[in-house]
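Written below as structure tokens is the structure these notes are about.
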Amino acid sequence: MKFSVNALMLYPKSLIYLSRQIRRLEEPSLKCVDLVHEEMVAIIQHCDFEIQQELLRFPKLHEKIIDAVTTLLRRRLPPTNTMVHNLVFIELAYINTRHPDFHEAQLIGTLMKNAEIDQKKKYAPNNALPAPDDEASSSSNELVKAKPGSSLALKLDANMIWSTSNKKAISQVSEAGDNMNDLDRLGGLSGPDVPANREVRLTSKEQRDCTVIEKLIRSYFLIVRKNIQDSVPKAIMYFLVNFVRDNLQSELVTHLYKKEDFDELLSESEHIAVHRKNELDIFTD
3 MKFSVNALML
13 YPKSLIYLSR
23 QIRRLEEPSL
33 KCVDLVHEEM
43 VAIIQHCDFE
53 IQQELLRFPK
63 LHEKIIDAVT
73 TLLRRRLPPT
83 NTMVHNLVFI
93 ELAYINTRHP
103 DFHEAQLIGT
113 LMKNAEIDQK
123 KKYAPNNALP
133 APDDEASSSS
143 NELVKAKPGS
153 SLALKLDANM
163 IWSTSNKKAI
173 SQVSEAGDNM
183 NDLDRLGGLS
193 GPDVPANREV
203 RLTSKEQRDC
213 TVIEKLIRSY
223 FLIVRKNIQD
233 SVPKAIMYFL
243 VNFVRDNLQS
253 ELVTHLYKKE
263 DFDELLSESE
273 HIAVHRKNEL
283 DIFTD
């Protein structure tokens with residue numbers, strides 16, 4: 003547990019990006035609840051044809067039944083929405099790096115090792131730093147340039163650089179411009195505008211750390227999304243669909259089985275009464 007927490011705390015900004023993406027799962031999840039509710043209301047309005055014809059004979063009874071079931075559905079919406087909301091925030095409450103499907107967790111060791119090296123360099127005598135190797139010199143020539151006037155920001159941090167280790171990913175960030183969809187696709191990076199003509203040199207170590215962090219965030223987010231995709235429909239079935247099914251009969255009995263309302267509820271439609279009278283007159287003639 004201590005190892006996992008320390009690894010995550012190395013780059014706290016990565017947790018902000020991850021939490022931001024997880025939080026965005028709440029809106030489509032709540033939309034799913036609304037769609038199921040609307041479908042159930044439609045089922046009530048368009049139930050079996052034979053039942054509808056029978057109920058049309060007693061319009062007040064029909065109206066009372068529709069009102070009772072609709073009220074029950076509406077009453078179940080808040081607890082269902084609350085449960086779905088909680089499912090998302092449960093995922094936000096704790097980043098479980100010990101999750102059995104989190105296979106990229108082994109990459110945390112790479113971050114820990116790099117952090118230890120940095121710590122040793124920091125407290126080394128005279129703060130002596132080793133000369134950069136060929137790989138670092140080569141990779142430092144990779145430049146990420148922010149376009150003038152663009153809202154795209156590359157706010158680099160000594161502990162966290164949101165990028166990848168290959169030229170293709172760097173090019174994608176540079177060309178993202180004002181397109182927020184590209185920003186979301188690349189992890190939702192946002193921040194203040196970078197001054198024009200500013201150049202940032204990425205060392206090989208920084209690029210490696212970026213790649214590791216990106217893989218960790220992407221992998222864990224896919225796990226969370228899979229959990230939400232599985233748990234939200236189950237929550238809707240339990241709190242809304244199955245509850246209405248199991249309690250519908252008792253709800254109708256409570257609202258309809260009142261002796262003082264029998265005459266009113268079982269009063270026939272005037273159209274049906276007139277039609278029956280006309281048919282009887284024809285038959286007797």
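Residue numbers for the sequence shown follow this note's numbering, so the first one is 3 and each next one is one higher. Virtual Cβ for every residue (Gly too), placed ideally from N, Cα, C.
Comparing C-alpha distances from Ile45 to each of Glu272, Arg26, Val246 shows the shortest one belongs to Val246.
Looking only at Arg210, Thr72, Leu218, the smallest Cα-Cα distance to Asp103 is reached by Leu218.
Taking C-beta atoms under 8 Å as the contact rule, Phe223 and Ile24 qualify, at a distance of about 7 Å. Across the structure, Glu28 and Val35 are spaced so that their CA atoms are roughly 11 Å apart. Taking a contact as a CB-CB distance under 8 Å, the pair Leu267 and Lys33 does not count as one, their CB atoms being some 37 Å apart. In terms of Cα proximity to Met42, the closest of Ile18, Thr72, Ser31 is Thr72. Note that the C-beta distance between Phe241 and Pro81 is below 7 Å.
Contact check for Val86 against Val226 fails: the beta carbons are separated by 7 Å or more. Straight across, the Cα-Cα distance linking His39 with Leu75 is about 7 Å. Scanning its chain for C-beta atoms nearer than 8 Å, with the 5 sequence neighbours on each side dropped, one finds around Leu20 the residues Ile97, Ile219, Tyr222, Phe223, in chain order. When DSSP states are grouped into helix, strand and coil, Thr82 belongs to the helix group.
DSSP places Met239 outside any alpha helix (DSSP H), giving it a letter other than H or E. Annotation for Leu32: the continuous alpha helix (DSSP H) segment containing it runs 28 to 47.
Annotation: Asn280 to Gln231 spans about 59 Å, alpha carbon to alpha carbon.
In the three-state DSSP reduction, Pro61 falls in the helix class (H, G or I). Here the alpha carbon of Glu262 sits roughly 22 Å from the alpha carbon of Leu250. Under the three-state reduction of DSSP output, Asn98 falls in the coil class, being neither helix nor strand. Judged by DSSP secondary structure, Asp103 falls outside any alpha helix (DSSP H); it is assigned neither H nor E. Glu281: member of the alpha helix (DSSP H) spanning 272 to 286, first to last residue. When the beta-carbon positions are compared, Ala70 and Leu254 come within less than 7 Å of each other. Assignment of Tyr19 by DSSP, reduced to helix, strand and coil, places it in the helix class.
Remark: C-beta atoms of Arg59 and Ile274 approach each other more closely than 7 Å. Within 10 angstroms of the beta-carbon of Glu56 lie fewer than 16 other beta-carbons, which makes it exposed. Distance from the CA atom of Val202 to the CA atom of Ile18, rounded to whole angstroms, is 23 Å.
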